[in-house]
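Presented below is the structure to which this report refers.
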Amino acid sequence: METPSDRHAYPAHWEADVVLRDGGTARIRPITTEDADRLTSFYEQVSDESKYYRFFAPYPRLSAKDVHRFTHHDYVDRVGLAVTVGGEFIATVRYDRIDARGMPASAPADEAEVAFLVQDAHQGRGVASALLEHIAAVARERGIRRFAAEVLPANTKMIKVFRDAGYTQKRSFEDGVVRLEFDLEPTEASLAVQRAREQRAEARSVHRLLAPGSVAVIGVGRARGGVGRSVLDNLKDAGFTGRLYAVNKAFPDDLTDIDGVPAHRSVRDMDPADHVDLAVVAVPAPDVPEVVAECGERGVQGLVVVSAGYAESGAEGRERQRELVRQARTYGMRIVGPNAFGIVNTSPDVRLNASLAPEMPRPGRIGLFTQSGAIGIALLSRLHRRGGGVTGVTGVSTFVSAGNRADVSGNDVLQYWYDDPDTDVALMYLESIGNPRKFTRLARRTAAAKPLVVVQGARHSGIAPTGHAVRATRLPYATVSALLRQAGVIRVDTITELVDTGLLLARQPLPAGPRVAILGNSESLGLLTYDVCLSEGLRPKPPRDLTTAASAADFRAALEEALADDKTDAVVVTAMPAVGEDSTEDAELAAALSKAAATAPTKPVLVVHVELGGLAEALSAAASTGPNAPEAPRPAQTAPETPEGTPRLIPAYPAAERAVHALSEVVKYAQWRRDAAEPGKVPEYDGIDEQGAATLITELLAKEDDPRGLDLAPDDARELLARYGIDVRRTLPAPDVDRAAQAARTLGYPVALKTTAPHLRHRADLGGVRLDLADETDLRRAYEELTEHLGKPAELRPVVQAMAPRGVDTVVRAVIDPAAGAVLSFGLAGAASELLGDTAHRLIPVTDRDAQSIVRSIKTAPILFGWRGAAPVDTPALEELLQRVSRLVDDHPEVVGVTLEPVVVAQHGLTVLGASVRLAPPPARDDLGPRTLPVAY
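Each number in my numbering corresponds to the 1-based position in the sequence shown with 186 added.
Written as structure tokens, this is what we have:
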């Protein structure tokens, strides 16, 4: 009998943790010969109806032969996967490869029958949908392109799973059975379904953490002080609306409560009726595994682990952290932390302060995520504080400080915020990005609905903070920043800028453009604001000086006039304090500005004040956002609106630079939103042979048994690029002068003579390139000069190439970065561009709009468009080339590097003179694969 080892080793890379529809987690893994008892126990818990649907007949128990068949797989033609919770099966799926007659088969047969069985208690959790994604990915990996499934008509749940998956399907009905056939190649519809399910599941998993019905704090001391007792006190003081429990195994048996909170020695000892949704773990790290096991057995849904002593403490702590995540996921629980500061939800229905923050933040519309507890404290303080900095305060909807973010990360919180009705603006402080490809995808979608402002710490050190395990990027910080901006992220450099920008977005509409009116009672401050606007790329109008004698009524009239101007998109009001005046003037001015702003609800208004705390307080009070006042009505996503007569909050800044910089970032984001509303397309071009390229890539990789990949020979690279309509001008080797002359005659004069030695490649400045050689005499003279000055032919590796039409030399590159994913880069060729870093980048796949923007976004772009009287070059041809390279890399994950240098862009057409391509075996799974949680860090 054939055993798994006869066909294929155990595929460990198929193992995955997934989030289910209700927010709980489960593990998917291949079924092995050791699972016989688990399979039998699982089957015994399945209802007779579900068994009937699976086998089309009463099938009360599995025979020994059945158990053997369902646990012995070759992982190629017969594959079984199981979903486990707590180590026990809750669902299985199996495929068997078949031929055209429906009989068992091996490759090259590319069809398989698939069948599912889900325990009744877990139906409705999205288990079958997750299993379908994973078994389809496994099948594609094994060369299966199509699934067939036979389902009884009454099994509507399973039919719906197949129907809703988004694959191209055929359905037939014969002999009382519905037969479904569907291709496994991902489609736009199937990817959209997968992404939507991922978002709903991950958002739900975060919601279960932020809106629990009950919380147990484990590690509470009887005396005040200490981490556990502090968290419990903070929960009580915030007015948590659910049930609280204090837990500590050191409590005496006769202790019944801690300040009125029921006390228990462990969650295991609690009354079965006392359900716990969330546990805050504040015990020493060595005691955490016991606590996790008790919580898992008790059915706790999530953990906030504030305990330290994990990856931040070294290798031993990192392994302890991995085991913590593995253990929690075994029970279907998610973790915030370890080494976390905690979580907050200011919703009046929850009022959760499961954190070390001693005060509950003021309720508001800003979502806040940090990885650092210290930065979290600073941000909460700045948002809460009313004086001595940014004022005109709004509050927080939810706050998550994830610490080592071993499980719940910024990506999960983004999924939650995306459709959270209580959050209008998302602010994030990130010290590392564990899955940048996914983050970029989620950020693009989130930014299209609500602003996302990000500041990244440790960005120049190149070292991930202690406790964070991330994939290293080879891209410089400026490149990563540009890619995030492409995804709609508002990138700022400091937490001050994070708060400045967030406050503006939280209560002011997005501007329609960069035109700014400036008015105020100080000519100097107005001129300073004008200069800053110019520096930030805005289009300011000359400042209007109201003079120091201006009254509140004068400010109101001037602001109303500025807002009424169709040529104004935003207004900056500058206000200097009047010497000797009391604070009643501040309240009058604030009320006047708020009433004026209400006349133009689609245009943002900002105030720059100098040492004028009273005005800042008054502006906040004028919008009814004081500590004891009701929250202002919820603003719309694009242009916040308030009921007629209700003043909207106007943010105030202590310096013109801060106000204008925030406005500049919002202007750029607003433009991105408008552009994103009409996304570009990935065009279909003639001359692309995707299947031919795939066959060639497979053949080339088969020649090299190196997992690191290989650099293609010039002829192989030219052949592969030609499959995508990219013509590389032919070169012929010239190991001696006679062979050079022969090559020139073959190609036709005029020709170029170039060295290809690595230290001289593309270095015309070193004399390694001779152009416009009109005849054999010129060629022989150039060859002699080249070898005389630069070295022997064997060192120089000279080649001959036919001359291309004159134009602008450019460089096109595509790389697969381990962190950022597939990136397309463009710039002009030459030392000047390299020294200045004048290169633009876009994420692959590149749309037609991306191609247009990347060409125009480099500083030296004017050279392409007729600088100083020169003729413009053929930029449409250049844009097409960029998109063809993008298609090649996007269609074939084995292509991990492409360099076209130089690409000479002429008035009509272009010529690729040099090309290199690198191939490597494709990753087992990527961001287009089935949804999974990251591996435990």
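Here a beta-carbon is modelled for each residue, glycine too, at the ideal position from N, C-alpha and C.
Beta-carbon proximity list for residue i, same chain, < 6 Å, skipping 5 on both sides
i, result
"Pro919", "Val985"
"Leu1086", "Val998, Val1098, Ala1101"
"Val146", "As shown, the chain starts at 187 and ends at 1123. That puts residue 146 outside it, with no answer to give."
"Phe228", "Phe275"
"Met546", "Ala424, Asn539"
"Thr917", "Val985, Gln987"
"Ile345", "Val337"
Three-way DSSP call (helix, strand, coil) for residue i in this model
i, result
"Ala450", "The residue asked about is misnamed: residue 450 is His in this sequence, not Ala. In this structure, His450 counts as strand in the three-state DSSP scheme."
"Thr584", "strand"
"Gly878", "helix"
"Ala1156", "Within the shown structure, residues of the chain are numbered from 187 to 1123, placing residue 1156 beyond reach of any answer."
"Asn814", "In this prediction, Asn814 scores a pLDDT of 39, lower than 50, which makes its location untrustworthy; the coordinate-derived value is nonetheless stated afterwards. Asn814 falls in the coil class under three-state DSSP."
"Asp731", "strand"
"Lys940", "strand"
"Gly596", "helix"
"Glu827", "With a pLDDT of only 44 at Glu827, under 50, the local geometry of the prediction cannot be trusted, and the value read off the model is given with reservation. Coil at Glu827, not helix or strand."
"Phe426", "coil"
"Ile345", "helix"
"Thr1033", "coil"
"Gln987", "strand"
"Gln694", "coil"
"Gly573", "Unreliable positioning characterises Gly573 in this predicted model, as indicated by a pLDDT of 35, which lies under 50. A coordinate reading is not provided."
"Ile563", "helix"
"Thr785", "coil"
"Val675", "coil"
"Phe275", "strand"
"Glu299", "strand"
"Pro821", "Any reading at Pro821 must be qualified, since the residue scores a pLDDT of 34, below 50, and its modelled position is unreliable; the value itself is stated next. Note: Pro821 maps to coil in three-state DSSP."
Beta-carbon separation (whole angstroms), residue i vs residue j, contact threshold 8 Å
i, j, result
"Ser541", "Ser587", "7 Å"
"Gln1069", "Ala1037", "5 Å"
"Ile912", "Val994", "Not a contact, Cβ separation roughly 18 Å."
"Ile217", "Thr257", "6 Å"
"Leu952", "Ala926", "Their Cβ separation, rounded to whole angstroms, is 19 Å, which puts Leu952 and Ala926 out of contact at 8 Å."
"Val379", "Glu336", "Contact doesn't hold; Cβ gap of about 23 Å is too wide."
Neighbourhood of residue i by C-beta, 7 Å cutoff - its chain only, sequence neighbours within 5 removed
i, result
"Asp1077", "Glu876"
"Ile1030", "Ala1000, Ala1008, Val1009, Leu1010, Ser1072, Val1075, Asp1076"
"Gly831", "Low confidence applies to Gly831: its pLDDT is 43, below 50, so where it sits in the model is not reliable enough to give any reading."
"Val675", "Ala629, Ala633, Leu638, Val640"
"Lys435", "Arg451, Ser452"
"Gln305", "Phe228, Gln231, Val232, Ile276, Ala277"
"Lys867", "Thr1033, Asp1034"
"Cys719", "Val702, Pro726, Val846"
"Ser493", "Val467, Ala468, Val469, Pro470, Ala471, Val474, Pro524"
"Phe242", "Leu338"
"Thr219", "Thr257, His258"
Cutoff 8 Å; reference residue i; Cβ partners in own chain excluding five residues on either side
i, result
"Val757", "Val702, Ala703, Ile704, Leu705, Leu745, Ala748, Leu749, Lys789, Pro790, Val791, Leu792"
"Gly712", "Ile704, Leu705, Gly706, Pro729, Arg730, Asp731, Thr760"
"Asp460", "Ser400, Arg429, Tyr431, Pro448"
"Arg742", "Ala778, Leu779, Lys781, Ala782"
"Gly329", "Ala293, Pro294, Asp296"
"Leu565", "Leu554, Thr556, Leu613, Tyr615, Ile681, Leu684, Val685"
Test: residue i CB closer than 8 Å to a CB of chain C
i, result
"Leu377", "Within the model displayed, chain C is absent; a lone protein chain is all it includes."
heavy atom of the ligand GDP below 7 Å from residue i C-beta
i, result
"Leu421", "Among the components of this structure there are no ligands whatsoever, and the ligand GDP is therefore not found."
Worksheet item: For the 8 Å Cβ check, are there 3 or more pairs between the region 412-422 and the region 389-399?
Response: Contact fails: fewer than three Cβ-Cβ distances are below 8 Å.
Worksheet item: Counting pairs of Cβ atoms below 8 Å between the region 506-519 and the region 472-492, do you hit three or more?
Response: Taking 8 Å as the limit for Cβ pairs, the verdict is that the region 472-492 does touch the region 506-519.
Worksheet item: Is the region 245-254 touching the region 223-237 in the sense that three or more CB pairs, one from each, lie closer than 8 Å?
Response: Yes, since at least three Cβ pairs between the region 223-237 and the region 245-254 fall closer than 8 Å, the two stretches touch.
Worksheet entry | the region 311-319 / the region 259-269 touching (three or more Cβ pairs under 8 Å) | Judged by Cβ distances under 8 Å, the region 311-319 makes contact with the region 259-269, as three or more pairs qualify.
Worksheet item: Do the region 1040-1047 and the region 1015-1028 touch if we need at least three Cβ pairs shorter than 8 Å?
Response: Three or more Cβ pairs drawn from the region 1040-1047 and the region 1015-1028 lie within less than 8 Å of each other, which places the two stretches in contact.
Practice prompt. With a floor of 4 residues, list each alpha helix (DSSP H) that falls wholly inside the region 993-1030, ordered by position along the chain.
Written response: With a minimum length of 4 residues, the continuous alpha helix (DSSP H) runs that stay inside the region 993-1030 are 1017-1022.
Fill in: Ranges of the beta strand (DSSP E) found wholly within the region 377-422, counting only runs of at least 3
The region 377-422 contains these whole beta strand (DSSP E) runs: 400-404.
Item to complete: Enumerate, from N- to C-terminal direction, the unbroken alpha helix (DSSP H) stretches of 4 or more residues contained entirely within the region 320-376.
Response: Segments of the alpha helix (DSSP H) lying fully in the region 320-376: 342-349.
Practice prompt. Pick out the complete alpha helix (DSSP H) segments inside the region 233-259, 4 residues or longer, and give them in chain order.
Written response: Taken in chain order, the complete alpha helix (DSSP H) segments of 4 residues or longer contained in the region 233-259 are 234-241, 250-257.
Practice prompt. With a floor of 3 residues, list each beta strand (DSSP E) that falls wholly inside the region 509-564, ordered by position along the chain.
Written response: Fully enclosed beta strand (DSSP E) runs of 3 or longer: 520-522, 528-531, 538-541, 549-556.
Worksheet item: Do three or more CB pairs link the region 368-375 to the region 347-357 at distances below 8 Å?
Response: Contact between the region 368-375 and the region 347-357 is present, because at least three Cβ pairs lie under 8 Å.
Worksheet item: Which runs of the beta strand (DSSP E), 3 residues or longer, sit entirely within the region 870-922?
Response: Counting whole runs of 3 or more residues, the region 870-922 contains the beta strand (DSSP E) stretches 917-919.
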